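What follows is a single structure, written as structure tokens, with notes after it.
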Amino acid sequence: MAGFLDVVILVLMSVTAFSILRSRNLFGVVILSGIFSLLAASFYVLLAAVDVAFTEASVGAGISTLLMLATLAITHQKKEKQHINNPIMPIIVVLVTGAALVYGTLDMPLYGDINAPSNQYLIQRFIEQSGAEIGIPNIVTSILASYRGYDTLGETFVIFTAAIGVLTLLGRGRTGNKAEVKQISSLETDGEKE
Amino acid sequence: MNLSFEIPGLINYWIVIIFMMIGLYIVISHGNLIKKIVGLNIFQVSVFVLYISISKIDGGSAPILDETIKSYSNPLPHVLILTAIVVGVATTSLGLALIVRIREAFGTVEEDDLLKSERLDD
Chain A
0 MAGFLDVVIL
10 VLMSVTAFSI
20 LRSRNLFGVV
30 ILSGIFSLLA
40 ASFYVLLAAV
50 DVAFTEASVG
60 AGISTLLMLA
70 TLAITHQKKE
80 KQHINNPIMP
90 IIVVLVTGAA
100 LVYGTLDMPL
110 YGDINAPSNQ
120 YLIQRFIEQS
130 GAEIGIPNIV
140 TSILASYRGY
150 DTLGETFVIF
160 TAAIGVLTLL
170 GRGRTGNKAE
180 VKQISSLETD
190 GEKE
Chain B
0 MNLSFEIPGL
10 INYWIVIIFM
20 MIGLYIVISH
30 GNLIKKIVGL
40 NIFQVSVFVL
50 YISISKIDGG
60 SAPILDETIK
70 SYSNPLPHVL
80 ILTAIVVGVA
90 TTSLGLALIV
100 RIREAFGTVE
110 EDDLLKSERL
120 DD
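Here the protein sequences line up with chains A and B, keeping their order.
Heads up: the first sequence at position 78 corresponds to 77 in numbering that gives the first Met the number 0, and the numbers run straight through without jumps.
Heads up: the second sequence at position 38 corresponds to 37 in numbering that gives the first Met the number 0, and the numbers run straight through without jumps.
Next comes the structure, spelled out in structure tokens:
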């Protein structure tokens, strides 16, 4: 059963999400998204997921917010433009998606159910054996670094790729590249003339 | 299993679905690219909350081994979400870098204006 505090934090999170939806002040939106992440982190603590709470608070609420604030500063954005598009189509799409998701939850195991399939089988083994096999008291660390080590390696590749992407987009050699692209395109048009 | 127990048992998932709907709506309907990224972040966090809700076991403690503790919450979703949070920041930073680049090339981060300038080019 869902505890009282859980529901309070979840309701606070929905209020925050709704104010993000309504607000046009981009600085406020970014700060609210940081608050949203921080509330999520406190929710994880309530659910005994301390490692996740740690990461969410530092990476989700910290670094993401910082990156967004930096983007706001670089692009000189203050207010979101009022746009004229008809909101009915997106609302229909979102409501249909939401209805499908709610329909999907009706079959799900209840919150906190120890007999749920996801809490059986392999998990019992991890809890019983990981202390002896890996020698680390923190089960999450054992799984992250050893049992599912390839996952973590893959994660590192993803971050590496993202870093390369960001550097290519914003890195130093960019202005040189621009000139090069111009030259190439002018060469191409020259070629077409001939 | 009676209904009066079943409704509180699923309410977490339903509130999470509300977050997902808000995030999806921001991504679809708002024109400002930075706000789109914020919407994407809300969607991501709601998926994380859903996973962590699945991992909860009544009376379960944090998954750190100790002889005095009898039941732990499920550590596997925690691991998956740890990975997902970090990957989420990687995608966010890539998206923001693209926004900075778009602003340099077109002078705006509003979708409407970008579409207009594209039409002018044609």
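Cβ coordinates follow ideal geometry from the N, Cα and C atoms, glycine included.
Here the structure is a predicted model, which means the values were calculated and not measured.
Per-residue burial, residue i [other beta carbons within 10 Å of its own, 16 or more giving buried]
i: Leu166/A; result: exposed
i: Pro62/B; result: buried
i: Val14/A; result: exposed
i: Val44/B; result: buried
i: Leu4/A; result: exposed
i: Leu2/B; result: Note that Leu2/B scores 45 on pLDDT, short of 50, meaning its location in the model is unreliable; the coordinates nonetheless yield the value given after this. Answer is exposed; the Cβ neighbour count stays below 16.
i: Thr67/B; result: exposed
i: Met88/A; result: exposed
i: Lys55/B; result: buried
i: Thr155/A; result: exposed
i: Leu94/A; result: exposed
i: Asn24/A; result: exposed
i: Tyr146/A; result: buried
i: Leu152/A; result: exposed
i: Lys192/A; result: Low local confidence applies: a pLDDT of 43 at Lys192/A is under 50, so the model's placement there is unreliable, and no value is given.
i: Val7/A; result: exposed
i: Lys34/B; result: buried
i: Asn123/B; result: Here chain B comprises residues numbered 0 to 121, so residue 123/B is not present and cannot be evaluated.
Distance, residue j Cα to residue i Cα
i: Leu65/A; j: His75/A; result: 15 Å
i: Pro136/A; j: Thr160/A; result: 32 Å
i: Ala104/B; j: Ser116/B; result: 11 Å
i: Ile21/B; j: Thr91/B; result: 18 Å
i: Met196/A; j: Gly33/A; result: With chain A represented from 0 up to 193, any question about residue 196/A goes unanswered, as that position is not in the structure.
i: Ile142/A; j: Gly97/A; result: 33 Å
i: Val86/B; j: Ser36/A; result: 15 Å
i: Phe53/A; j: Ile73/A; result: 29 Å
i: Arg118/B; j: Ser63/A; result: 33 Å
i: Ile25/B; j: Leu114/B; result: 18 Å
i: Glu55/A; j: Pro86/A; result: 32 Å
i: Leu120/A; j: Asp121/B; result: In the sequence as presented, Leu is not what sits at residue 120/A; that position holds Tyr. Their backbone Cα atoms lie some 60 Å apart in a straight line.
i: Val108/B; j: Val37/B; result: 14 Å
i: Leu64/B; j: Gly106/B; result: 55 Å
i: Val10/A; j: Val49/A; result: 21 Å
i: Gln81/A; j: Ile90/A; result: 17 Å
Beta bridge counterpart(s) of residue i as assigned by DSSP
i: Asn31/B; result: Glu109/B
i: Gly111/A; result: Ile56/B
i: Ile63/B; result: Asn137/A
i: Tyr71/B; result: Ser60/B
Stretch-stretch touch, CB-based, cutoff 8 Å, three pairs: the stretch 56-74 of chain B with the stretch 12-21 of chain B:
No, the stretch 56-74 of chain B does not touch the stretch 12-21 of chain B.
Could you check whether the stretch 45-52 of chain A touches the stretch 24-36 of chain A, counting it as contact only if at least three pairs of C-beta atoms, one from each stretch, sit closer than 8 Å?
The stretch 45-52 of chain A is not in contact with the stretch 24-36 of chain A.
Which residue spans inside the stretch 22-56 of chain A form an unbroken alpha helix (DSSP H) run of at least 4?
Fully enclosed alpha helix (DSSP H) runs of 4 or longer: 25-45, 49-54.
Scan the stretch 53-101 of chain A and note each continuous alpha helix (DSSP H) run of 4 residues or more that stays entirely inside, going in chain order.
Listed in chain order, the complete alpha helix (DSSP H) runs (minimum 4 residues) inside the stretch 53-101 of chain A are 63-74.
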